[in-house]
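If you use our numbering, the sequence shown corresponds to residues 382 to 1128, in order.
One structure is given below, encoded as structure tokens.
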Amino acid sequence: MSGWGMPEVAAALPEIANEAVVASEAPTPTEAPAQGRNPQEHGWVAQNSYDYSAYMMTSKELAESRAAAAAEDAGLGLRVETGGDWASNAAVYEWNDEFGDVGPRHPELEKQLFGQDNHVKSGIKFENITSIEVHQEGNIRIDPIRKFEHAGLHPVMLENIKLAGYEVPTPIQQYCMPAIKLGHDIVACAQTGSGKTAAFLVPILSKLMGKAKKLTAPRPNPVTYQEGITPPVRAEPLVLIVCPSRELATQIFDEARRFCYRMMFRPCVVYGGGPIAEQVKQLQKGCDIIIGTPGRLVDFINRPAVLTLKRLKYMVIDEADEMLNSDWEAELKQIMSGGDQEEGSLNYMFFSATFPKGARDLAKEHLAHDHVRVRVGRAGSSHLNIKQEIVYVDPSMKLQAVEDLLLSTPPTRTIIFVNSKRAADELDDRLFNKSFPCVSIHSDRTQREREDCIRSFRLGKNPILIATGVSARGLDINNVMHVINYDLPSARFGGIEEYTHRIGRTGRIGNMGLATSFYNDRDVDLAENLTKTLLETHQVVPDFLQQYVPDGFTADGKGDIKTLKFEADSDYGDGDGNGDDNGGAALDDDADAGGWGTSDTPAASGWGVAPTEAPAAPAAPVEGDAQWGATQAFVPAAGGVPVNAATTAPVVPSQQFVGVSSVPFTMPPQGASATQGLAPVAPVAPVTPAAPVTPTAPAGLASSQFAASVSSWGVPSPAPSQPAAPSNGSVWEPPTAGEWGTAGSGW
Ligand SMILES: Nc1ncnc2c1ncn2[C@@H]1O[C@H](COP(=O)(O)OP(=O)(O)OP(=O)(O)O)[C@@H](O)[C@H]1O
């Protein structure tokens, strides 16, 4: 991959509209950070602890306190929730019966919906998204649109698209908009962060708009509505969107709130954990678009006085491969055909960034014969805007490694993935006690805690989020510049698909991002697919993965990526006359290359109503435990100096088996910190780097720009007999002048 220059990185770290968010009450970490290892000295904001007292409040007390918090957010130009509490109560455009076809503007709401930081803005590498080859399969071929203006959208929808800041449609949107307009069912696969939500929401709403008054169910007029007095109505939605996690459901709801602006469609969201009574109240005001997690949807489908699907016109299954895995089978069956919808008059749509063959076969059972199949790139592929670093970290060294990493990277919103709830709790504790502004989320947390956590991460109050993989899918948060796989997903639980979803939390919609994954000998089951993924996206393959580089590729990753075989190819075998057709900009005449993705077992379940998580990984041994180290365990001393655990003597460079070092990371220029709400990066004295490799500032960059913290994080097994060649990412090298990592350096 070509190097990223500092100007690009600086551009990827946008200007801060609102500088520092004042830390509420600085908590007292139980350990004082060691000299030079205080996160605040490295530009991270002070910690904001959870307000646990909020979880003990009555609903009334909570509503008051939330209203105050919402007012504070409003001051920052950020999202305001009416009712001041649950995400499901967020403001929607309320339609007055007096309106004609389109409602008048509402400046305050407009600011809330389309304001500065409420969703991810497209980045400077947008063309990397738009230039990916698009493949169509099956009998129906769609002529893509190249501009929103060519999609035959309702004028108010075009205005909303402008308000959202979208200029050109992404490839998946180019195909889905005309396909939906023509009335086809769809199965669609496109990279993370490539605008799949708008690809279905925009054309569906626009198409329904023409017949809105005829199609929508009667509802109370919001102007005269009085809670407890106005008789409630039954929700009779036209569109149902199912997705696997509560966070994703509320996020799609937010997108629906944007695109329903000035239209008569009223969106609602239902999800587990939130109070049913509140959600019922919303449904009873009328609901045309319902978004939900499977368990809660089934709950409501079983209450026909509250919800009926008899008017339904569109059913969208987002994160379809996840939803079609057996963990959700009963719920999905009931949602898809167990309500009172008329199957024949319904359009089904399946969307995901990964789509193993087993899931595609299941999806076909619901799709009309003449459905449209479109995929952007290979199903499950990642894109070039995410720089992927795989570093060897002995399990006993992970904590040290993650600290080093956080101290040597610019403070930016960072998501750290772990494989179990316990690991999330533990890592949160450890980092919090070292003064890192972190929060954590997993399925054992109450819904209130989950919403608070995401909110505080979104606002940049706590810009480090520790999460189990269940949060991987769909989360779309502005300026997440770094994803760290503290644990890599095991092949049994999500494997390479989950890896793709996790790293896809950064580098969205043309923005650039970095994904650092800690690899060790337990991750061998992922090694082959991981290596192919690195090669496919022109990333550096480190030494310890070289043995998985397929024939035809050189050690530095050169080779024909079309020859990379991922397990499953086109759904249409040879000889059926319906082969893969490339509808994208550049023709790819090798239909076998890439294909739809792997046919691995479906990914582990998300965290809707019946979450099942990957079982806890075997407990990591205590630091220095020889079991997980290779021939030597290097224990970095304070300040990151590697020492030999056995002797505690500093390691002499020529003796050491170099694992992977934390490579100094050039700090962005002042004022270009990535995280809204983060304190501006203060110039800090670099942590004194020491043997074995002394980072020297590349010419043209002041050494104070480095937050250097060099340590050794373990040794790959089998350990190389010689220090690894410095060309493949496993040994630290100073970045070349003006570059933020090159193909030859660690970062
Ligand atoms: N044409 C566009 N131009 C600019 N921004 C866009 C466009 N389409 C969508 N976006 C924005 O891009 C971001 C990512 O979109 P979205 O969440 O739909 O991605 P996705 O493909 O569903 O990703 P994932 O697979 O991770 O769920 C959103 O913030 C969305 O508002």
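All residues carry an ideal CB built from backbone N, CA and C; glycine is no exception.
On a predicted model such as this, the values are computed, not experimentally measured, just so you know.
### Message
Quick check: the Cα distance between residue 704 and residue 625, rounded to an integer number of angstroms?
### Response
Spanning the two alpha carbons is a distance of roughly 6 Å.
### Query
Apart from the five residues on each side of it in sequence, which residues of its chain come closer than 8 Å, Cβ to Cβ, to residue 605?
Result list for residue 605: 611, in chain order.
### Query
Quick one: what does DSSP say residue 518 is sitting in, helix, strand or coil?
Strand.
### Query
Should residue 548 be counted as a contact of ligand 1 given a C-beta to heavy atom distance under 7 Å?
Checking every heavy atom of ligand 1 against the Cβ of residue 548, one is found closer than 7 Å.
#### Entry: 8 Å Cβ shell around residue 477 - same chain, five flanking residues per side excluded
Here the set comprises 484, 602, 603 and 604.
### Query
Should residue 771 and residue 886 be called a contact, given that it needs their Cβ atoms to be closer than 8 Å?
Not a contact, by the Cβ cut-off of 8 Å.
### Query
Can you tell which of 672, 627 and 800 has its C-alpha closest to the C-alpha of residue 873?
It is 800.
### Cutoff 6 Å; reference residue 475; Cβ partners in own chain excluding five residues on either side
Only residues of its own chain outside the window of five on either side were considered, and among them 603 have a CB closer than 6 Å to the CB of residue 475, listed in chain order.
### Message
I'd like the span of the alpha helix (DSSP H) that includes residue 862, first residue to last.
### Response
From DSSP, residue 862 is part of no alpha helix (DSSP H) but of the beta strand (DSSP E) over 861 to 866.
### Query
residue 551 to residue 511, Cα distance in whole Å?
Each residue's alpha carbon lies about 6 Å from the other.
### Query
Apart from the five residues on each side of it in sequence, which residues of its chain come closer than 8 Å, Cβ to Cβ, to residue 863?
Around residue 863: 790, 793, 794, 795, 796, 887, 894, 895, 896 and 897.
### Query
Would you say the region 688 to 707 touches the region 722 to 742, given that touching needs at least three Cβ pairs under 8 Å?
Yes, they touch.
### Task
Could you check the C-alpha separation between residue 825 and residue 848 for me, to the nearest Å?
Straight-line Cα distance between these residues: approximately 12 Å.
### Task
Measure from the alpha carbon of residue 541 to the alpha carbon of each residue in 571, 565, 740 and 495, then state which is nearest.
Closest option to residue 541, Cα to Cα, is 495.
#### Entry: Straight-line gap, residue 708 to residue 620 (C-alpha atoms, nearest Å)
For residue 708 and residue 620, the gap between their C-alpha atoms comes out near 24 Å.
#### Entry: Burial state of residue 533 (16 or more Cβ within 10 Å)
Label assigned to residue 533: exposed.
### Task
Go ahead and pull the three-state DSSP assignment for residue 716.
Helix.
### Query
Measuring CB to CB, does residue 769 end up less than 8 Å from residue 674?
Their beta carbons are not under 8 Å apart, which means residue 769 does not touch residue 674 by this criterion.
### Query
What is the C-beta distance between residue 335 and residue 632, in whole angstroms, given that I count them as a contact (C-beta under 8 Å)?
With the chain running from 382 to 1128 in the structure shown, residue 335 is simply not present.
### Task
Note the first and the last residue of the continuous beta strand (DSSP E) segment covering residue 699.
It spans 695 to 699 - the beta strand (DSSP E) in which residue 699 sits, taken as one unbroken run.
### Query
Roughly how many angstroms lie between the CA atoms of residue 740 and residue 710, to the nearest whole one?
Each residue's Cα considered, the two are about 12 Å apart.
### Task
Would you check if there are 3 or more beta carbon pairs closer than 8 Å linking the region 649 to 664 to the region 733 to 748?
Verdict: no, contact absent.
### 3 or more residues per run - each beta strand (DSSP E) lying fully within the region 832 to 896
Those beta strand (DSSP E) runs which fall completely within the region 832 to 896 and span 3+ residues are 845 to 849 and 861 to 866.
### Query
By the 10 Å Cβ neighbour count, where 16 or more other Cβ atoms means buried, how is residue 471 classified, buried or exposed?
Buried is the call here.
### Task
Answer with buried or exposed for residue 559, where buried requires no fewer than 16 other C-beta atoms within 10 angstroms of its C-beta.
Buried, by the Cβ-count rule.
### Task
Note down, one range per segment and in chain order, each alpha helix (DSSP H) of at least 4 residues found wholly within the region 526 to 574.
Listed in chain order, the complete alpha helix (DSSP H) runs (minimum 4 residues) inside the region 526 to 574 are 536 to 544 and 552 to 562.
### Task
Consult DSSP for residue 754 and reduce its assignment to one of helix, strand or coil.
Here residue 754 sits in strand by DSSP.
### Query
How many whole angstroms separate the CB atoms of residue 764 and residue 572, which I take to be in contact at a CB cut-off of 8 Å?
The pair is a contact, with the Cβ atoms about 5 Å apart (cut-off 8 Å).
### Query
If you compare alpha carbons, which of 627, 642 and 646 is closest to residue 678?
Checked all of 627, 642 and 646; the closest Cα to residue 678 is 627.
### Query
For residue 823 versus residue 566, is the C-beta distance shorter than 8 Å?
Inclusion of residue 823 and residue 566 in the CB contact set at 8 Å is not warranted, their separation being larger than that value.
### Task
Would you check if the distance between the CB atom of residue 923 and the CB atom of residue 945 is smaller than 8 Å?
Cβ distance not < 8 Å, so residue 923 and residue 945 don't count as in contact.
### Query
If you drop the 5 nearest sequence neighbours on each side, which residues of the same chain put their C-beta closer than 6 Å to that of residue 831?
If we look at residue 831 and ignore the five residues flanking it on each side, its Cβ neighbours are 822.
### CA-to-CA distance, residue 562 to residue 585, given in whole angstroms
Their backbone Cα atoms lie some 8 Å apart in a straight line.
### Query
Just to confirm, are residue 556 and residue 755 a CB contact at a threshold of 8 Å?
A contact, by the Cβ cut-off of 8 Å.
### Query
If you draw a straight line from the alpha carbon of residue 629 to that of residue 468, how long is it in whole angstroms?
Cα to Cα, residue 629 sits roughly 11 Å from residue 468.
### Query
Is the beta carbon of residue 887 within less than 7 Å of some heavy atom of ligand 1?
Remark: the shortest separation between the CB of residue 887 and any heavy atom of ligand 1 does not fall under 7 Å.
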